[in-house]
Every structure is written in structure tokens, then in C-alpha cells.
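In the numbering used here, the protein residues as written are 307 to 500. Ideal Cβ placement from N, Cα and C applies to all residues, glycine included. Since the structure comes first, as C-alpha cells, the remarks are kept for the end.
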Amino acid sequence: MKSLDEYLRDAEQAHGHLCAGQVLGVRLAMFGLVRLGIDDPHGKDRKRLVTFVEIDRCATDAVAVVTGCRLGKRALKFRDWGKIAATFVDVKSGKAVRVAAKESSKALAREMHPGAEDKNRQQMLAYREMRDEDLFTSQWVKVELPPEEFPGYKGERVVCKVCGEGINFRREVRRDGQVLCRACAGERYYEPLE
Ligand SMILES: [Zn+2]
Ligand SMILES: [Zn+2]
């Protein structure tokens, strides 16, 4: 595994700036991988890892940089729960660890660097130095991953009866004997204007 500073350089490049979220995300991912015993996520352990992230903020980009898990490879899963937390699944051993940032780390950052010019600066400094146990909670968990959740899965492709669009990875809804996409089944996040 690379050092914290090396990952922070990579994260800054990928994310566009260095911020407290990058420091937190890099440390969160490094902590999770150490607990799992995965030390070469971009090399020999490349296919061993699936990561669930629970927020779409700065830290998420950093988690993707350290783990090498990407949405386009199906190895990064997003659950929109608004929490700075991630679960790292070792698909080889079946072990999984969920790591969450402690809410108290913000107050601790204030104590550690009361004179910092702003909150981001303060947290950036403090999150580098803080002990793992002050930054995170973690727990071993079990994650059920059906075959279609794995990066290499190739399944049958079906077509929505209503809109005619193709659907991969068993994401269809079957209702009254018909195959529907999630949008046509009522889960639309958009309203067609025409
Ligand atoms: Zn940021
Ligand atoms: Zn449809």
C-alpha cells in the first residue's frame, strides 16, 4: 500500500483539490484495507475488492482512489444514505468491514487546531494526525453479494415492455408476467417533458 501522502497526492489529482474530505476518505479507505489485510488494491489484490460508499461527497472520490474500485467496473456501489462511511468487501475471503467516521472527530479537530484559519484547514490538519480510533468506528459485517453484483458478471439482457429500452444485471421489475424497467415501474427520478 502507498503512504498517506502518496494517496493524498493521487486523490488531489483525481478530485481537483485537496480538502478535509480527501484526507478523511483516504484514511478511511486505508484503515478498511488494513483491517481486511488487503495491501495491494491496484496490483495483485485488484479483483478482490468491492466497496460500498454511503455518501456522494468529497470523501467518496478519495475512497475510489485508494481502493481502485470504480462505478464503471461495478466494484463501487453507492447507497445514498448521507453518511461518511464505507464497507469494504473482500470477495475472496468473504470478509467485510464497515468503517464510519465518528461525529466527534470534528470537535476534536477544533481542539487540536483552534487557531486554524478555517474549518477545512483545521480538519485537514487534524485528520492527518488523529489516531484511527478517534476518527473511525468499524465493525465486521456480512454482505450478501449475488452473482450479478460482481464486477465481471455477464447476464441476460432483457427489454422493457413499455419503453423498449434494454436492461442489464437483473435490474428489471417483473409485474403481472411483464418485464418493466424501474422507471416504467414507477421509480422514475425524472418527468418526461415531451
Ligand atoms: Zn473536496
Ligand atoms: Zn421502461
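Asked                                                                                                                                                             : Found
What does the Cβ neighbour count give for C364, buried or exposed, with the cut at 16 atoms within 10 Å?                                                          : buried
Which value, in whole angstroms, describes the spacing of the CA atoms of A415 and Q429?                                                                          : 6 Å
Can you give the beta carbon distance from I501 to R463, rounded, assuming they're within the 8 Å contact cut?                                                    : With the chain covering 307 to 500 only, the question about residue 501 has no answer from this structure.
Classify L451: buried if its beta carbon has 16 or more other beta carbons within 10 angstroms, exposed otherwise.                                                : exposed
Output needed for R477: all residues of its chain with C-beta closer than 7 Å, excluding positions within five of it in sequence on either side, in chain order.  : R488
Classify R290 as buried or exposed, calling it buried when 16 or more other Cβ atoms lie within 10 Å of its own Cβ.                                               : This structure gives no information on residue 290, because the portion of the chain shown stretches from 307 to 500.
Residues in the same chain with beta-carbon distance under 8 Å from V403, minus the five sequence neighbours each way, listed in chain order, please.             : G338, R341, L342, T393, F394, S444, Q445, W446 and V447
For P453, I'd like the list of residues in its chain whose CB is within less than 7 Å of its CB, leaving aside the five on either flank, ordered along the chain. : Y459
Roughly how many angstroms separate the alpha carbons of Y496 and D386, rounded to a whole number?                                                                : 17 Å
Where DSSP assigns a beta bridge to T393, which residues make up the other side?                                                                                  : F358 and R404
Please list, in chain order, all residues of the same chain as M307 whose beta carbon is under 6 Å from its beta carbon, the five residues on each side excluded. : D345
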